[in-house]
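Residue numbering for the sequence shown follows our numbering, starting at 6 and increasing by one per position. The C-beta atom is built at its ideal place from N, Cα and C for all residues, glycine as well. Written below as structure tokens is the structure these notes are about.
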Amino acid sequence: MGHRRVSPPRDEGRLPRRALLALPLLAACGGLPPKPAAPSAAPMPLHLEPLADLVKAPSLVWMLELSPKVAFADDTLLAGVHRVVSDERFRRFAAENGGVDPRSLAELVIARYPDATLTLGRGTIDPAALERAFTRRATRIDGRAIDVASPPVVRLFGDGAKERVQMCTFGREAFALEEGRFGPLRVAAAYAEGKLKKAKPALRAEPLARAVGLLGEGSVARFFASGPFEGEWSAALGGLLRAATGVAVGARTTRHPAAKGGLVVTAVVLGEYGHAQEDAARRLGATLDVLLAKNPFGRMLGLHEPLEAPRVDPVPGGLSVVATFDTDRAAKGLHAVLDAEIDEIVGSLR
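Here it is as structure tokens:
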């Protein structure tokens, strides 16, 4: 009796056709485990506060540092500023500059170099709107670079109406604008990205680091200038700038019984005057008396009648002057001087 050969089923060892057809459905329904997502790079921590830490020291001519948000929290100072620049003009400026209203910024820094100007702002920004505004203003865009992916550090650069221009946004936190010869902005970005560990920024390097300490805390506006002072500047302040290594001025708001609001102004002249320091202090005091009493512009601002007269003191490494002025009176005088030209002034900032 012969044996019948039994063959295995045709589909044995194969995945049934129905199963093959069902694979896409299973995958869509989560039947198959998803592929693990590629790990994303951790956001780079950016150092953006204070903005002055992004300003390079070499070749700095002068630097202006403002704290608009803090300053405008003072009603008297806000009213004084609005005497000079109306709310409508601020809104118009913001509409033409990517939504940036200077009053809303936590910090605004302007640094001047021999062949370039760097402007830095910190506050909530719209990078795309700033890029559009920059593109409209530039006569030519040469390129766009993403220096850091997260948070995005993006640069646009090209030509302006008169000189080279470059803009950089740091996420949604800060921006930088450079006009003139490129250089300071790239250094600012390197400071923000933590790439410059040894090079000290302007206000942490001498001589201006000493001026920062002498001005003290609480200023809503600070101005710094590095020496040596040459030409006409060397003869300023009774010739004291000839031997000065730097100058700094700070202003803070205060309440005063004789006015709606006061502005305490502290000025520092840095220099090693040695045994002649007392004589230098007297000479500075006499020079200020003449300047405040006879200067027509100062008289219009009421500087010849301060709430508290200037007090000049020798300090380690220089001289210090402190005086208090009437904020509202100064604003009224400034309004009278500038009102006819304010549109041109604001226009030059656009």
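By the CB criterion at 8 Å, G322 and L293 fall outside the cutoff.
With a threshold of 16 other beta carbon atoms within 10 Å, T144 falls short and is exposed.
Secondary-structure assignment with DSSP links R149 through a beta bridge to L161. If you draw a straight line from the Cα of A193 to the Cα of F228, it is about 19 Å long. Relative to L306, the option among L289, V327, D331 whose CA is nearest is D331. For the region 160-208, the continuous alpha helix (DSSP H) assignments of 4+ residues that do not extend past its boundaries occur at 189-197, in sequence order. If you draw a 10 Å sphere on the C-beta of E183, you find 16 or more other C-beta atoms in it, and that means buried. Straight-line measurement puts the Cα of E112 at about 25 Å from the Cα of R169.
The Cβ atoms of P48 and P156 lie closer than 8 Å to each other. The beta carbon of L51 sits closer than 6 Å to those of F175, A197, all from its chain and outside the five residues before and after it, given in chain order. It is roughly 10 Å from the alpha-carbon of R260 to the alpha-carbon of D79.
Taking 8 Å as the cut-off, the Cβ atoms of I130 and F162 do not count as close. Looking at the DSSP output, R227 sits in a beta bridge with E70, G255. Within the same chain, F162 come within 7 Å of G148 by CB-CB distance, once the 5 residues on both sides are set aside. A residue is called buried when at least 16 other Cβ atoms come within 10 angstroms of its Cβ; G126 meets this threshold and is buried. R257 sits close to G223, with the two beta carbons spaced by under 8 Å. For P132, the enclosing alpha helix (DSSP H) covers residues 132-142. In this structure, DSSP gives L123 an extended state, which the three-state scheme calls strand. Per DSSP, L289 is one residue of the alpha helix (DSSP H) stretching across 282-299. As DSSP reads the structure, V270 sits in a beta bridge with A256, A328. Annotation for A84: the continuous alpha helix (DSSP H) segment containing it runs 80-89. Cβ neighbours of L65 within its own chain (closer than 7 Å, five residues either side excluded): A116, Y118, A207, S231. Between the beta-carbon of V225 and that of S72 there is about 5 Å, and that keeps the pair under the 8 Å contact cut. Rounded to the nearest angstrom, the gap between the Cα atoms of E235 and W67 is 14 Å.
Residue range 92-101 is occupied by the alpha helix (DSSP H) that includes E93, with no beta strand (DSSP E) assigned at that position. If you draw a 10 Å sphere on the C-beta of T250, you find 16 or more other C-beta atoms in it, and that means buried. In the DSSP secondary-structure assignment, K265 is not bridged to any residue.
Counting along the chain, no beta strand (DSSP E) covers A216; the unbroken alpha helix (DSSP H) around it starts and ends at 213-220. Collapsing the DSSP output to three states places E313 in a strand. Distance check between P319 and each of G290, G338, E283 places E283 closest, using alpha-carbon atoms only. C-alpha of H280 to C-alpha of R288: approximately 14 Å in a straight line.
Taking every protein chain shown into account, the CB of E310 has fewer than 16 other CB atoms within 10 angstroms, so this residue is exposed. Contact check for T81 and K203: beta-carbon distance about 44 Å, past the 8 Å limit, so the pair fails to qualify. Distances from the CA of G165 to each of P107, H87, L190, F139 were compared; the closest alpha carbon is that of F139.
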